[in-house]
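I have placed the structure first, in the form of structure tokens, so that the comments after it can refer back to it.
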Amino acid sequence: MSLKCSPVHPFKGTVRCNTNWAGFNIPRDLFRRNRRFPVYHPRLRCNTRIRMKIGVISDTHDRLPTFRRAVALFMRLKVEAVLHAGDYIAPFAAKLIAPGTLTAPVYCIYGNNDGERKGLKQVLPNLVDGPLYIQLNGKKIVMHHFIDWLKPIDYADADIVVTGHSHHVVNEAKDGKLFVNPGECCGWVTNRCTVAVVDLEQVEAQIIEIHD
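Here it is as structure tokens:
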């Protein structure tokens, strides 16, 4: 898949996609399924409607074992993109999704605990402050670290709103939009390490719990 996009809002840029849907062939020893929900993302435009799945992760907080398992899960499922909603903490942890480590493109934003911004930027050159607008497979997605930092006008045209920060899963369809928080990958607060896998064609997703 080749990508061509612009950071300018609203939704300017193109994404040329040639992908295959592999389904949710998820190993039971790696995680368990919990819920389904739709998702939207606004900063890229796809020239064809192809059934795509993307991985969504947040609040990894330097916990490398669960972060590695999340990345391995995304690679096994052959997701077409990975979204990280912030709070990597240290640059050494962010290297797990650095350019060249994944075959899928990574879209990432800063979290409120990402104090080593210069070091993180060196590891993740496309790391930006939210809100980040993406458009994939015809679905508009807005991503920000904290839902309270968004104004309604920021996601007025969005199909999916992706956030993190709270460390708690959100799966809510409201006013024609899907609000998704994958929860915490680190598991420090809830003792649950979770990520989301989103089917953009069906506008559905699953929250997946990852076990050490």
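Position 37 of the sequence shown, counted from 1, bears residue number 70 in this note's numbering, the numbering being contiguous throughout. Using N, Cα and C, we set each Cβ at its ideal position, and we do this for glycine too.
{"Item": "Any contact of the region 210-227 with the region 185-194, i.e. 3+ C-beta pairs under 8 Å?", "Value": "yes"}
{"Item": "Which of the three DSSP states is assigned to P277 in this structure?", "Value": "The chain is shown only over 34 to 245; residue 277 falls outside these bounds and no answer can be derived."}
{"Item": "Do I90 and A114 have their C-beta atoms within less than 8 Å of each other?", "Value": "no"}
{"Item": "Hey, how far is the Cα of F100 from the Cα of A123?", "Value": "13 Å"}
{"Item": "From D92 to C218, what distance separates their C-alpha atoms?", "Value": "6 Å"}
{"Item": "Determine the DSSP secondary structure at G152, reduced to helix, strand or coil.", "Value": "helix"}
{"Item": "Report yes if the CB atom of I240 is closer than 8 Å to the CB atom of G216, and no otherwise.", "Value": "yes"}
{"Item": "Taking the alpha-carbon of A238 as reference, which of W221, L160 and V203 has the nearest alpha-carbon?", "Value": "V203"}
{"Item": "Grouping DSSP H, G and I as helix and E and B as strand, with all else coil, what is L211?", "Value": "strand"}
{"Item": "I'd like the list of long-range same chain contacts for F57, defined as Cβ closer than 6 Å, with 5 residues on each side in sequence excluded.", "Value": "Low per-residue confidence applies at F57: pLDDT is 36, beneath 50, and the placement is therefore not dependable enough to give any value."}
{"Item": "When the Cα atoms are used, what is the spatial distance from K184 to F107?", "Value": "30 Å"}
{"Item": "Can you pull the DSSP bridge partners for C226?", "Value": "I243"}
{"Item": "I'd like to know if the region 157-167 and the region 131-142 are in contact, where contact means that at least 3 CB-CB pairs between them fall below 8 Å.", "Value": "yes"}
{"Item": "Report yes if the CB atom of D95 is closer than 8 Å to the CB atom of A126, and no otherwise.", "Value": "yes"}
{"Item": "I'd like to know if L233 contacts chain C, where contact means its C-beta is closer than 8 Å to some C-beta of that chain.", "Value": "The structure shown has no chain C; it contains just one protein chain."}
{"Item": "According to DSSP, is V231 helix, strand or coil?", "Value": "strand"}
{"Item": "Is it buried or exposed, R69, if we count other Cβ atoms within 10 angstroms and call 16 or more buried?", "Value": "Low confidence applies to R69: its pLDDT is 35, below 50, so where it sits in the model is not reliable, and the reading given next is rough at best. Per the 10 Å Cβ criterion, exposed."}
{"Item": "Identify whether I122 lies in helix, strand or coil by the three-state DSSP scheme.", "Value": "coil"}
{"Item": "Quick one, which of N146, L110, G171 and L169 has its alpha-carbon nearest A118's?", "Value": "N146"}
{"Item": "Who are the near neighbours of C226 in its chain, counting only those whose CB is closer than 6 Å to its CB and skipping five residues on each side?", "Value": "T99, C218, G220 and I243"}
{"Item": "Helix, strand or coil for K128, going by three-state DSSP, please let me know.", "Value": "helix"}
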